[in-house]
Amino acid sequence: MKTWMSRVLILSAPLTLAASWDTTAFRTPTGGLVRVGMTAAEARHELGPAASPRQSGKSKKNTEVWSIRGSDGLYTITISGGQVRKITVAPDRD
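Be aware that the sequence shown starts at 118, since it is given in my numbering, and climbs by one per residue.
Here's what the structure looks like:
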């Protein structure tokens with residue numbers, strides 16, 4: 118019985134852990150809207166100085182990755198070709 122129960126707990130553990138996910142848009146802490154497809158200039162205007170841009174070491178030269186803390190966790194915004202291409206959310210842990 119204990120062996121069966123431990124297997125159930127081990128197999129169900131990943132289901133209880135939240136993973137990161139992609140989204141098409143999010144609201145900034147000041148109420149601005151950042152969405153996939155908008156220009157980098159528009160996104161920068163909506164984000165203001167809160168975003169912390171950094172060059173991505175794994176991507177092409179013209180790709181930037183910006184980060185901002187939001188209500189759901191850490192938002193990572195991938196900018197390529199002057200446009201927002203991807204938004205990923207990594208949830209905060211309690």
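Each residue gets a CB set at the ideal place from its N, CA and C atoms; glycine is no exception. Source: prediction; values computed, not measured.
Cβ contact annotation for Gly187 (same chain, cutoff 8 Å, sequence separation greater than five): Phe143, Arg144, Thr145, Pro146 and Val206, in chain order. The alpha-carbon of Ser197 is positioned some 21 Å away from that of Ser137. Membership of Arg161 in the alpha helix (DSSP H) is indicated by the continuous run Ala157 to Leu164.
Residue range Gln200 to Pro208 is occupied by the beta strand (DSSP E) that includes Pro208.
Distance from the CA of Val153 to the CA of Thr141, rounded to the nearest whole angstrom, comes to 5 Å.
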